[in-house]
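Trainee: All residue numbers for the sequence shown refer to full-length UniProt numbering, where the first residue is 1 and numbers rise by one. Glycine included, every Cβ here is placed at the ideal spot set by N, Cα and C.
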Amino acid sequence: MAGLQQTNSEMILLSWVRQSTRNYPQVNVINFTSSWSDGLAFNALLHSHRPDLFDWNAVASQQSPVQRLEHAFNIARQHLGIEKLLDPEDIATACPDKKSILMYVTSLFQVLPQKVTMEAIREVEMLPRHSRVTREEHIEVHEQHFSQEVSFAFLLSSCPSRVVFPCPT
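The following block contains the structure:
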């Protein structure tokens, strides 16, 4: 049940982000990892709710990913009271930590307007499943599969007589 709640919470959070950043063509948030690494999503999310805080075009076009991330975290700290929980260098990677990004985006969700439409939720439900699978989830699945293969191989090698087992699917 906790896994289902977490999935639903993530879906609502992702729906909120996508709905908030819809008017920013450079931003396409499809997950809580790689979609955030260039800093544009954090800045677009902030700008969509507080356009008075900074010039979007200046941030989007003239800064590196680390500078954009630093900018977003500083804006959130100074104007929204959200502590800088993330290091830009840790996020500006091919696959930043999902839990860290979820924690930070949840902090933004708590202080910014939270209206999420059913249309936005349906849009997230329609995203291809592979785009929502993180590197950690991918590794976890492969570790489980490897563990099952090792257990099955051990079971076969320890049998005193020849027994035929159906292949696991």
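Just the C-alpha distance for residue 170 and Lys-98, rounded to the nearest angstrom, thanks.
Mentor: Residue 170 is absent from the structure shown; the chain starts at 1 and stops at 169.
Trainee: Using C-beta distances below 8 Å, list every residue in its chain close to residue 179, excluding the 5 sequence neighbours before and after it, in chain order.
Mentor: The structure shown does not extend to residue 179, since the chain is modelled only from 1 to 169, so the question has no answer here.
Trainee: Between Leu-13 and Thr-93, what straight-line distance do the alpha-carbon atoms span, to the nearest angstrom?
Mentor: Locating residue 13 in the sequence shown gives position 13, counting from the first residue. Locating residue 93 in the sequence shown gives position 93, counting from the first residue. For Leu-13 and Thr-93, the distance between alpha carbons rounds to 22 Å.
Trainee: Tell me which same chain residues have a C-beta within less than 6 Å of the C-beta of Ser-15, skipping the five on either side of it?
Mentor: The residue you call residue 15 lines up with position 15 of the sequence shown. The residues are Val-116, Ala-120, Ile-121 and Val-124.
Trainee: Just to confirm before moving on: does the CB-CB distance between Val-29 and Ser-35 stay below 9 Å?
Mentor: The residue given as residue 29 occupies position 29 in the sequence shown. The residue given as residue 35 occupies position 35 in the sequence shown. Against a cut-off of 9 Å, the Cβ pair of Ser-35 and Val-29 comes out as a contact.
Trainee: Pick helix, strand or coil for Tyr-104, following the three-state DSSP scheme.
Mentor: As a first step, residue 104 must be located in the sequence shown, where it is residue number 104. Three-state DSSP puts Tyr-104 in a helix.
Trainee: Would Ile-75 and Phe-54 be called neighbours here (beta carbons separated by less than 9 Å)?
Mentor: By 1-based counting over the sequence shown, the position of residue 75 is 75. By 1-based counting over the sequence shown, the position of residue 54 is 54. Yes, they are a contact pair.
Trainee: Under DSSP, the alpha helix (DSSP H) around Met-118 begins and ends at which residues?
Mentor: As a first step, residue 118 is located in the sequence shown; it is residue number 118 there, counting from the start. Element bounds for Met-118: 118–125.
Trainee: Which ranges would you report for the beta strand (DSSP E) in the region 67–95 if only whole runs of at least 3 residues count?
Mentor: Within the region 67–95, no complete beta strand (DSSP E) run reaches 3 residues.
Trainee: According to the Cβ coordinates, are Thr-7 and Cys-95 closer than 9 Å?
Mentor: If you number the sequence shown from 1, residue 7 lands on position 7. If you number the sequence shown from 1, residue 95 lands on position 95. For Thr-7 and Cys-95, no; Cβs fall outside 9 Å.
Trainee: Where does Asn-23 land, buried or exposed, given buried means 16+ other C-beta within 10 angstroms?
Mentor: Counted from its first residue, the sequence shown places residue 23 at position 23. It is exposed - the Cβ of Asn-23 has fewer than 16 other Cβ atoms within 10 Å.
Trainee: Taking C-alpha atoms, which residue in Asn-43, Asp-87, Asp-52 and His-79 lies nearest to Gln-63?
Mentor: Reading the sequence shown from its first residue, position 63 is the one you call residue 63. Closest option to Gln-63, Cα to Cα, is Asn-43.
Trainee: Tell me whether the beta-carbon of Val-105 lies closer than 9 Å to the beta-carbon of Val-17.
Mentor: As a position in the sequence shown, residue 105 is number 105, starting the count at 1. As a position in the sequence shown, residue 17 is number 17, starting the count at 1. Closer than 9 Å, so yes.
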